[in-house]
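Working notes for the structure below.
Residue numbers (the numbering used here): 1385 to 1591.
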């Protein structure tokens, strides 16, 4: 019985044809990737109008005396800006999204401020790459309280364990024995003493 003949030339031709097909697919894939990259870069260089999420934290003006902001003054807002696609992506990924804004000096007797009055400060922190068009909502509420001052005693949170044949002689002296606290009237009125940090000592045998 004659052995079967193996056609090496046919197998080589089949492999070569498969490699050519794979190369065509690789070339097509590379061309598609380059085209997509160029299209993306071109789109990112265009300008867009977009709403960005942010938070505004209000602070008191330095000239304001006798008043303090009470409650949470961190407000969620949306900034409508015009910027390039690059800068919008950069804001989403890296840029700080909380803006500290100082209230105008004339805030006594008010409980809200129009965000149009804050646009200059927010735009400055946002940077020149972004054109700030508007801020939503159109106003931010806040609460002003008069500053109260009070002097309260300091109490020690101290636990001392002595070694055998040792005992405490005299009382514990604290320095300072009182402190001055300030804050809103409600907060200050609820405090009648201040405690030290806990101090625990065991087997004390000296001063």
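For glycine and all other residues, C-beta sits at the position ideal for the given N, C-alpha and C.
Rounded to the nearest angstrom, what separates residue i and residue j at their Cα positions?
| i | j | result |
| --- | --- | --- |
| residue 1435 | residue 1453 | 28 Å |
| residue 1553 | residue 1587 | 15 Å |
| residue 1580 | residue 1462 | 43 Å |
| residue 1524 | residue 1578 | 35 Å |
| residue 1504 | residue 1574 | 39 Å |
| residue 1478 | residue 1438 | 13 Å |
| residue 1576 | residue 1522 | 41 Å |
| residue 1565 | residue 1539 | 15 Å |
| residue 1417 | residue 1476 | 25 Å |
| residue 1549 | residue 1560 | 31 Å |
| residue 1567 | residue 1429 | 50 Å |
| residue 1440 | residue 1551 | 57 Å |
| residue 1480 | residue 1474 | 10 Å |
| residue 1558 | residue 1485 | 41 Å |
| residue 1495 | residue 1464 | 24 Å |
Considering only C-alpha positions, which residue in the set the options is nearest to residue i?
| i | options | result |
| --- | --- | --- |
| residue 1507 | 1501, 1499, 1516 | 1516 |
| residue 1470 | 1433, 1574, 1526 | 1433 |
| residue 1547 | 1481, 1589, 1479, 1476 | 1589 |
| residue 1541 | 1473, 1583, 1513, 1575 | 1583 |
| residue 1431 | 1417, 1472, 1459, 1458 | 1472 |
| residue 1502 | 1551, 1459, 1480, 1476 | 1459 |
| residue 1497 | 1558, 1444, 1560 | 1444 |
According to the Cβ coordinates, are residue i and residue j closer than 8 Å?
| i | j | result |
| --- | --- | --- |
| residue 1531 | residue 1450 | yes |
| residue 1519 | residue 1585 | no |
| residue 1487 | residue 1442 | yes |
| residue 1467 | residue 1514 | yes |
Pull up the CB-CB distance for residue i and residue j, whole angstroms please, since I reckon it's below 8 Å.
| i | j | result |
| --- | --- | --- |
| residue 1509 | residue 1483 | 5 Å |
| residue 1569 | residue 1529 | 6 Å |
| residue 1533 | residue 1563 | In fact, because the Cβ distance is near 11 Å, the residues do not count as touching under 8 Å. |
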